[in-house]
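Numbering (this note's numbering), first residue to last: 6 to 269.
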């Protein structure tokens, strides 16, 4: 009955807007629509969060706990997490926050345990996870974080200053609502190269036009020769702002070698 009522109110609004009716929605109608929206909002956001959290836990298990993990399964778990990153859907139309799509975190933002970051580990810019925090309350950008390589569970982690870490986004940007939170065409970014956990300089060829869409990028193959890769499709979760002062080029040959996982 509730959905029938909502549909009736919707038809009433449509007729008024089209000039075909004079029966305007009253206060009871608007209260019903508001209540329905709030209920639907809570259900959608909670479901999206649960799916994302489950995907993250599955990835974390594959990275650090599964004794028999295979490379393909590890990468599949990582990519699933990227695909299921929840969209930023503010209830009260509040502005986009840091960590949504291409809106980077400020250098003094405080990270949490289990946050995913891009860090310079083992001579490579690669995907790491925060495991310990030493927060500097007076100067958060000088806080220290113990980061481990998600692709090498046996190698000990390292402490990094906050200013040397690039956190991954926590939400996808909806192109219809927050198009400005996406990287535009021809923007230089860093992104995770397919089938690796390493990040490389890339250029945006196409940005998402729907929530489920991904970026189309071309990666830098050889900076000295201005060579670029074929087009590749990358989820929003793994496309970040490029900082020329901080980011140095990775080696594709090193990236291909760095894996503790079973190659099956």
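Glycine is no exception: its CB is placed at the ideal position from the N, C-alpha and C atoms.
(message) When you compare the CB positions of residue 188 and residue 220, do they come within less than 9 Å of one another, or not?
(response) Along the chain shown, read from residue 1 onward, the residue named residue 188 stands at position 183. Along the chain shown, read from residue 1 onward, the residue named residue 220 stands at position 215. Judged by their CB atoms, residue 188 and residue 220 are nearer to each other than the 9 Å cut-off.
(message) Given this structure, state the Cα-to-Cα distance separating residue 178 from residue 171, to the nearest angstrom.
(response) Residue mapping note: residue 178 aligns to position 173 of the chain shown, counting from 1. Residue mapping note: residue 171 aligns to position 166 of the chain shown, counting from 1. Approximately 18 Å, taken between the alpha carbons.
(request) Return the chain-ordered list of same chain residues with a C-beta closer than 7 Å to the C-beta of residue 212, the five sequence neighbours on each side being excluded. (result) Taking the chain shown and counting its residues from 1, the one referred to as residue 212 is at position 207. Annotation for residue 212: 187, 188, 189, 190, 220 place their beta carbon closer than 7 Å to its own, counting only its chain and skipping 5 residues before and after.
(request) State the Cα-Cα distance for the pair residue 218 and residue 240, rounded to the nearest angstrom. (result) Taking the chain shown and counting its residues from 1, the one referred to as residue 218 is at position 213. Taking the chain shown and counting its residues from 1, the one referred to as residue 240 is at position 235. Linking residue 218 to residue 240 through their CA atoms gives a straight-line distance of about 8 Å.
(message) Report the start-end ranges of each beta strand (DSSP E) in the region 94-178 that is 3 residues or longer and not cut off at the edges.
(response) The region 94-178 contains these whole beta strand (DSSP E) runs: 121-126, 129-139, 149-154, 163-166.
(message) Using 9 Å as the threshold, is the C-beta distance between residue 156 and residue 61 below it?
(response) As a first step, residue 156 must be located in the chain shown, where it is residue number 151. As a first step, residue 61 must be located in the chain shown, where it is residue number 56. Note that the C-beta distance between residue 156 and residue 61 is not below 9 Å.
(message) Going by beta-carbon coordinates alone, are residue 246 and residue 195 separated by less than 9 Å?
(response) Locating residue 246 in the chain shown gives position 241, where the first residue counts as 1. Locating residue 195 in the chain shown gives position 190, where the first residue counts as 1. When the beta-carbon positions are compared, residue 246 and residue 195 come within less than 9 Å of each other.
(request) Let me know if residue 127 comes out buried or exposed under the rule of 16 or more other beta-carbons within 10 Å of its beta-carbon. (result) For the purposes of this step, residue 127 is identified with residue 122 of the chain shown, where counting begins at 1. Residue burial is scored here from C-beta neighbours: residue 127 has fewer than 16 other C-beta atoms within 10 angstroms and is therefore classed as exposed.
(request) Determine the contact status of residue 56 and residue 95, defining contact as a CB-CB distance below 9 Å. (result) To locate residue 56, count along the chain shown from 1; it is residue 51. To locate residue 95, count along the chain shown from 1; it is residue 90. Against a cut-off of 9 Å, the Cβ pair of residue 95 and residue 56 comes out as no contact.
(request) Could you have a look at residue 65 and say whether DSSP puts it in helix, strand or coil? (result) For the purposes of this step, residue 65 is taken as residue 60 along the chain shown, with counting starting at 1. Assigned with DSSP and collapsed to three states, residue 65 falls in helix.
(request) Just the C-alpha distance for residue 237 and residue 148, rounded to the nearest angstrom, thanks. (result) For the purposes of this step, residue 237 is identified with residue 232 of the chain shown, where counting begins at 1. For the purposes of this step, residue 148 is identified with residue 143 of the chain shown, where counting begins at 1. Taking the straight line joining both Cα atoms gives about 35 Å.
(request) Could you tell me which residues DSSP puts in a beta bridge with residue 236? (result) The residue labelled residue 236 in the question sits at position 231 within the chain shown. The partner list for residue 236 (beta bridge, DSSP) reads 223.
(message) Measuring alpha carbon to alpha carbon, tell me which residue in 210, 131, 168, 159 is nearest residue 146.
(response) Taking the first residue of the chain shown as position 1, residue 146 is located at position 141. Minimum Cα distance to residue 146 is reached at 168.
(message) Tell me which residue opens and which closes the alpha helix (DSSP H) that residue 79 is part of.
(response) As a working note, residue 79 is residue 74 in the chain shown. Note, residue 79: alpha helix (DSSP H), 76-88.
(message) Nearest by alpha-carbon distance to residue 73: which of 163, 158, 180, 200 is it?
(response) The residue you call residue 73 lines up with position 68 of the chain shown. The residue with the shortest Cα to Cα distance from residue 73 is 158.
(message) Quick check on DSSP: helix, strand or coil for residue 243?
(response) Here residue 243 corresponds to residue number 238 of the chain shown, with the count starting at 1. In the three-state DSSP reduction, residue 243 falls in the helix class (H, G or I).
(request) Using beta-carbon positions only, say whether residue 165 and residue 124 come within less than 9 Å of one another. (result) Residue numbering aside, residue 165 sits at position 160 when the chain shown is read from its first letter. Residue numbering aside, residue 124 sits at position 119 when the chain shown is read from its first letter. Yes, these two residues count as a Cβ contact at 9 Å.
(message) Tell me the DSSP secondary structure of residue 211 in three-state form.
(response) Translated into the one-based positions of the chain shown, residue 211 becomes position 206. It is a strand residue.
(message) Does residue 249 come out as helix, strand or coil in the three-state DSSP assignment?
(response) Taking the chain shown and counting its residues from 1, one reaches residue 249 at position 244. Annotated three-state conformation of residue 249 is coil, per DSSP.
(message) Can you list, in chain order, the residues of its chain with a C-beta nearer than 6 Å to that of residue 113? Leave out the 5 residues immediately preceding and following it.
(response) Locating residue 113 in the chain shown gives position 108, where the first residue counts as 1. Contacts found: 145, 146.
(request) For the beta strand (DSSP E) holding residue 196, just list the boundary residues, first then last. (result) Indexing the chain shown from 1 puts residue 196 at position 191. DSSP places residue 196 inside the beta strand (DSSP E), whose first and last residues are 193-197.
(request) Give the straight-line distance between the Cα atoms of residue 107 and residue 51, rounded to the nearest whole angstrom. (result) Locating residue 107 in the chain shown gives position 102, counting from the first residue. Locating residue 51 in the chain shown gives position 46, counting from the first residue. If I take the Cα positions, the gap works out to 23 Å.
(request) Provide the residue(s) that pair with residue 203 in DSSP beta bridges, ordered along the chain. (result) Walking along the chain shown from the start, residue 203 turns up at place 198. Under DSSP, residue 203 takes part in a beta bridge, and its partners are 131.
(request) For residue 249, count neighbouring Cβ atoms within 10 angstroms of its own Cβ and tell me buried if that reaches 16, exposed if not. (result) Residue 249 sits at position 244 when you count from the first residue of the chain shown. By the 10 Å Cβ count, residue 249 comes out exposed.
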